Amino acid sequence: MANLILLLGDQLTHDISSLREGNPDKDCVLMVEVMEEATYAWHHKKKIAFLFSAMRHFAESLKEEGWTVDYVQLDDEENTGSFSGEVERTLKRRDAEALLVTSAGEYRVQEMMEGWEERFGLPVRILEDDRFICSREEFREWAEDRKQFRMEYFYREMRKKTRLLMEDDGEPTGGEWNFDQQNRKPAKQDLFMPTPHQTEPDKITQSVLDMVSERFEDHPGKLDPFWFGVTHEDAQAVLDQFIAEALPCFGDYQDAMLKGEKFLYHSLLSLYINAGLLDPLEVCRRVDKAYRDGKAPLNSAEGFIRQILGWREYVRGVYWLKMPDYVDMNFLDAKRELPEFYWTGDTDMACLKAAIDQTLEEAYAHHIQRLMVTGNFALLAGIDPKAVHEWYLAVYADAYEWVELPNTLGMSQFADGGLLGSKPYAASGNYINKMSDYCGGCKYDVKQKTGEGSCPFNSLYWEFLIRNRSKLEDNPRMAQMYSTWERMSGDKQEAYLETAKAFLGQL
Ligand SMILES: Cc1cc2nc3c(=O)[nH]c(=O)nc-3n(C[C@H](O)[C@H](O)[C@H](O)COP(=O)(O)OP(=O)(O)OC[C@H]3O[C@@H](n4cnc5c(N)ncnc54)[C@H](O)[C@@H]3O)c2cc1C
Ligand code: SF4
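In terms of numbering that gives the first Met the number 0, the sequence shown opens at residue 0 and continues consecutively.
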C-alpha cells in the first residue's frame with residue numbers, strides 16, 4: 000500500500016484534496032468513530048447520530064467507487080478512542096508509506112496532526128482544505144494592516160472573486176452590494192410555511208440511533224424523531240426543496256421569529272455544508288441561478304449568498320487568524336455561570352423557552368434565535384463567554400469550533416472587543432417583541448420597563464450598558480444609548496439597575 004488517507008468526520012466530500020491526491024487502486028482510506036471526538040464537547044444526541052450515520056454512508060459510497068476503506072465503529076472492541084490511537088493501530092496493520100490528510104477544521108485537531116510525522120516516523124502530508132472559497136492565506140492577506148475587520152468589505156471581495164450576483168461591467172447585480180434593509184420584516188402566523196425536506200432513517204441510521212441512545216443517554220437533546228439527511232443525495236433534496244419553497248421569502252423574513260415555527264424560511268443547510276455533504280460555492284451558484292431564472296427575488300438571493308460567501312468564510316478566516324488565543328478572550332470580563340435552564344428549557348421567559356426547547360428537540364435554532372435570544376440574554380446577564388461557547392458547540396448539529404466560536408465569542412458575546420463586529424448585539428425586549436410573537440404568551444410584560452413582572456431584557460439591557468460603560472462608551476455606535484441614559488431621571492435609572500440586580504440575584 001502506498002498511502003493511508005485519513006478522512007475526518009466533516010470531510011465527507013468525494014473530491015476533497017486528500018482523496019484527489021490518492022489512488023483507489025493502491026491507497027487505503029481510514030475513517031474512525033472516536034469517543035474523544037464524540038465527548039470533547041457534550042454534544043447533542045442528534046448531532047452525534049447525524050455525523051456517525053453520514054460517515055457510515057459515505058464509507059459505503061467510497062467502497063462502491065472502488066476504494067479500500069478501513070472503517071472503525073465506535074463499538075469496535077479494539078477501538079482506542081482517539082484519532083492518534085487509531086492511526087497508529089492502522090499503520091501497524093497496513094504497510095503505508097505515507098499518511099495523507101486534508102487540513103482539519105479545528106485548531107485542536109490540526110495541532111495533533113502536525114505532531115504525527117514525528118510520532119509515527121513516516122511522511123505526513125497535510126493538504127489544504129479547498130472546499131472553502133477563501134483560503135486561510137488569502138484571508139490573512141486581506142486582514143493584514145486592518146485594525147478592524149468588517150465582513151461587508153470582505154464579502155464584496157468574495158463577490159468579485161466568484162462573480163456571484165455580479166454584472167459583466169463589474170457592478171453588483173441590482174446596483175447594491177447588500178439588501179439587508181429589506182430583510183427585517185416580522186412574520187405573521189397566517190403566512191404559508193414550507194416544511195423542510197425530511198429523510199426517513201434507513202437501516203444504517205437506525206443502527207446508529209440505537210447505539211447513540213444506548214451510549215450517549217446522558218447527552219443533551221432528544222434523539223427522536225430523527226429526520227436529518229445523511230447522504231449527498233439527501234442533502235441535495237433538502238437544497239432543492241429550500242430553493243423551490245422557502246428561498247423566495249428567505250430575505251423578507253430572515254430575522255423573524257414565530258411561536259411554534261422552528262424553521263420559517265431558513266434552509267437548514269448548515270449541517271450538510273459543514274460536514275461536506277454540500278459544496279458551499281455550488282449552493283450559492285444554485286441560488287444565483289434561481290434569481291436569474293426569476294424564481295427568487297434579489298433581496299432573498301443576495302441575503303442568502305451573503306451568509307455563506309460572506310459570514311461563513313469570514314468567521315473561518317478570523318478563527319484561523321486568531322487561534323489559539325481567541326478562545327480565551329473575555330473583553331467584558333463576564334464571569335457568571337451559564338444558567339441551568341440553557342440545558343433544560345425550564346424558564347418563564349417565553350422567548351428563551353421557545354429557542355431552547357426547539358434546540359433540545361431539533362439540534363437547530365435559526366440565526367436570530369441564536370443571536371438575539373439565547374446569545375443576547377447571555378451577553379446582557381454577563382455569562383462567562385467560554386461557558387456560552389461550550390453550550391453552542393454542544394447543542395447544534397452544525398457546530399464545529401471554527402464556525403461556532405467566532406459567532407459566539409465574537410459576534411454574540413463581544414468577547415473579542417469588536418474584532419469581528421462593530422458593536423455588541425445587545426437589545427431590550429422591544430426588539431424581540433418587534434421581531435416575534437413570543438411576548439404575547441409570556442409571564443413577563445414586555446411593555447413594563449422596571450419592577451416585578453417587567454421583561455427582564457428591559458432592565459438587563461441598561462444594567463449591561465452601565466456595567467460595561469468604561470469599555471463601550473467610546474464606541475461611536477453606542478454613543479446614542481449612553482446619551483439616552485444620561486437624559487433619564489435618576490429615579491428611572493435607579494429603578495432599572497435595581498430591577499436588573501434583583502433578577503440577576505435570583506438567576
Ligand atoms: C451564537 C451563534 C452561534 C452559531 N453557531 C454556528 C455553528 O456552530 N455552525 C454554523 O454553521 N453556524 C453557526 N451560527 C450561524 C448561523 O446561526 C447558522 O449557520 C444558521 O442558523 C444555520 O441554519 P440554516 O442552515 O437554516 O441557515 P440559513 O439562515 O438558511 O443561512 C444559510 C446558510 O448561511 C450560512 N450562515 C448563515 N449565517 C452564518 C454565520 N453567522 N456564520 C457562518 N455561516 C453562516 C450557513 O451555512 C447557513 O446554512 C451561529 C450563530 C450564532 C449567533
Ligand atoms: S416579554 Fe421579555 S422575556 Fe418574555 S418573551 Fe418577550 S422579550 Fe422574552
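The beta carbon of each residue, even a glycine, is placed where N, CA and C say it ideally should be. The structure displayed is predicted, hence computed values, not measured ones.
Boundaries for residue 11: no alpha helix (DSSP H) harbours it, and the DSSP string shows neither H nor E there. Beyond the five residues adjoining it in sequence on each side, residue 55 comes within less than 6 Å, by CB distance, of 203 in the same chain, given in chain order. With a contact defined as Cβ atoms closer than 8 Å, residue 188 and residue 383 miss out at about 37 Å. Counting only runs that start and end inside the segment 170 to 220, the alpha helix (DSSP H) elements of at least 4 residues fall at 202 to 214.
In the DSSP annotation of this structure, the continuous segment of the alpha helix (DSSP H) that includes residue 432 starts and ends at 428 to 434. Secondary structure at residue 53: helix, using DSSP grouped into helix, strand and coil.
Shown here, residue 28 sits in a strand according to DSSP, grouped into three states. Among the bridge pairs identified by DSSP, residue 67 is matched with 27. The secondary-structure analysis by DSSP pairs residue 123 across a beta bridge with 98. Note on geometry: alpha-carbon atoms of residue 273 and residue 428 lie some 33 Å from one another.
Beta-bridge pairing by DSSP links residue 382 to 335. Comparing C-alpha distances from residue 338 to each of 300, 378, 314 and 364 shows the shortest one belongs to 378.
Look at residue 377: its beta carbon is at least 8 Å from all of the heavy atoms in ligand 2. With respect to the 9 Å criterion, residue 198 and residue 227 are classified as neighbours on the basis of their beta carbons.
Rounded to the nearest angstrom, the gap between the Cα atoms of residue 482 and residue 448 is 18 Å.
Nearest neighbour of residue 147 by Cα position, chosen from 426, 409, 468 and 452, turns out to be 409. Scanning the segment 258 to 321 for uninterrupted alpha helix (DSSP H) segments of 4 residues or longer gives 269 to 274, 279 to 291, 297 to 304 and 312 to 321, listed from N- to C-terminal end. Here residue 49 has 227 and 396 as same chain residues with Cβ atoms under 6 Å from its own Cβ, once five neighbours each way along the sequence are excluded. The alpha helix (DSSP H) runs lying completely inside the segment 361 to 423 and spanning 4 residues or more are 375 to 380, 384 to 394 and 400 to 404, given in chain order.
Within 8 Å of the C-beta of residue 253 there is at least one heavy atom belonging to ligand 1. A residue is called buried when at least 16 other Cβ atoms come within 10 angstroms of its Cβ; residue 315 meets this threshold and is buried. Taking C-beta atoms as the reference points, residue 278 and residue 12 count as a pair closer than 9 Å. For residue 465, the enclosing alpha helix (DSSP H) starts and ends at 455 to 466.
Taking a C-beta distance under 9 Å as the contact criterion, residue 329 and residue 288 do not qualify as a contact pair. In the structure shown, residue 355 adopts helical secondary structure according to DSSP, grouped into three states.
The beta-bridge partner set that DSSP reports for residue 165 consists of 171. The C-beta separation of residue 219 from residue 342 comes to about 6 Å, placing the pair in contact by the 8 Å criterion. A contact is defined here as three or more CB-CB pairs under 8 Å, and the segment 96 to 110 meets this definition with respect to the segment 119 to 131.
Judged by DSSP secondary structure, residue 73 falls outside any beta strand (DSSP E); it is assigned neither H nor E. In the displayed model, residue 3 falls within a strand according to three-state DSSP. In the structure shown, the three-state DSSP call for residue 233 is helix. The Cβ atoms of residue 30 and residue 68 sit closer than 9 Å to each other. Within the same chain, Cβ atoms closer than 7 Å to the Cβ of residue 42 are found at 218 and 393, the five residues on either side in sequence being excluded. Distances from the alpha-carbon of residue 354 to those of 36, 140 and 256 put 256 closest. By the neighbour-count definition (other C-beta atoms within 10 Å, threshold 16), residue 191 is an exposed residue. Using a cutoff of 8 Å, the CB of residue 95 does not count as near ligand 2, since none of the ligand's heavy atoms is closer than that.
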